[in-house]
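Enquirer: Numbering (my numbering), first residue to last: 43 to 118.
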């Protein structure tokens, strides 16, 4: 079992001017904090999801399934 925080960074780039980075910190108690900055989005509400793999060599076909290690959500 991990006793410290687990950290990850996602760098965001796209075919348009959307750019940014997100920082994820999962605390030992299970709480996850997400901070970051994204620019170039059109006005309005936006959402995001996380894929299991960071491989974008074949677009979304190589990124794997949605990251869900605790199986807290189902795509049924």
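In this text, a Cβ means the ideal position worked out from N, Cα and C, and glycines have one as well.
#1: Short of 7 Å in beta carbon distance, which residues of its chain neighbour residue 109, apart from the five on each side in sequence? Order them along the chain.
#2: Going by beta carbon distance, what residues of the same chain come within less than 8 Å of residue 43, once the five residues before and after it are set aside?
#3: Just to confirm the assignment: which complete beta strand (DSSP E) runs, minimum length 3, are found wholly within the stretch 53-98?
#4: Pick out whichever of 113, 49, 64, 88 has its Cα sitting closest to the Cα of residue 55.
#5: At the level of alpha carbons, what is the spacing between residue 47 and residue 75?
Expert: Based on what the coordinates show:
#1: 92, 93, 94
#2: Interpretation of residue 43 is limited by its pLDDT of 48, a score under 50 that renders its predicted location unreliable; the figure taken from the coordinates is listed afterwards. Hits under 8 Å: none found.
#3: 61-68, 74-81
#4: 64
#5: 11 Å
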